[in-house]
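Below: one structure, written as structure tokens.
In the numbering used here, the protein residues as written are 293 to 430.
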């Protein structure tokens with residue numbers, strides 16, 4: 293049952309390119325339009341995490357359309373690397389959604405720790421390890 297759930301949520305969380313120009317990418321993530329009310333405050337936190345890389349200038353989420361606009365330095369990173377980073381970041385959120393609940397103050401602390409961890413572990417091609425150390429979540 294868990295494998296089916298992961299497959300379905302994986303499909304809904306997979307970003308699909310809507311439009312792209314060098315340095316600007318708009319993707320659609322179907323699951324964003326179906327977020328439960330209690331998860332919607334995470335959108336700002338997600339933007340902050342996506343913007344942690346020095347090659348990503350800005351990320352904007354629109355929960356009504358399910359689109360994410362990402363502005364990035366196309367001279368330093370390729371579009372497919374940005375897409376891969378976005379997919380891994382969405383998967384990180386999905387795999388750890390229980391750790392992103394609770395008081396706003398605690399959530400801010402987790403996001404700050406996660407951003408610090410990612411800043412030190414993101415490679416130039418926007419790769420980061422799938423396993424995040426447990427102390428980031430506490």
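Each residue gets a CB set at the ideal place from its N, CA and C atoms; glycine is no exception.
Residue i and residue j closer than 8 Å at C-beta
i	j	result
residue 341	residue 364	no
residue 333	residue 378	no
residue 323	residue 339	no
residue 418	residue 345	yes
residue 374	residue 317	yes
Terminal residues of the beta strand (DSSP E) in which residue i lies
i	result
residue 340	Residue 340 -> not in any beta strand (DSSP E); alpha helix (DSSP H) instead, spanning 334-342.
Interface flag, residue i vs chain D, CB-CB below 8 Å
i	result
residue 326	Here there is only one protein chain, and chain D is not present.
Residue from the options with nearest C-alpha to residue i
i	options	result
residue 421	401, 388, 336, 380	380
residue 408	429, 391, 390	429
residue 400	319, 366, 310, 337	337
residue 426	391, 343, 412, 398	391
residue 383	416, 404, 353, 424	424
First and last residue of the uninterrupted alpha helix (DSSP H) at residue i
i	result
residue 428	426-429
Tell me the start and end of each unbroken beta strand (DSSP E) in the region 311-391 that is at least 3 residues and wholly inside, in chain order. 316-320, 348-354, 359-364
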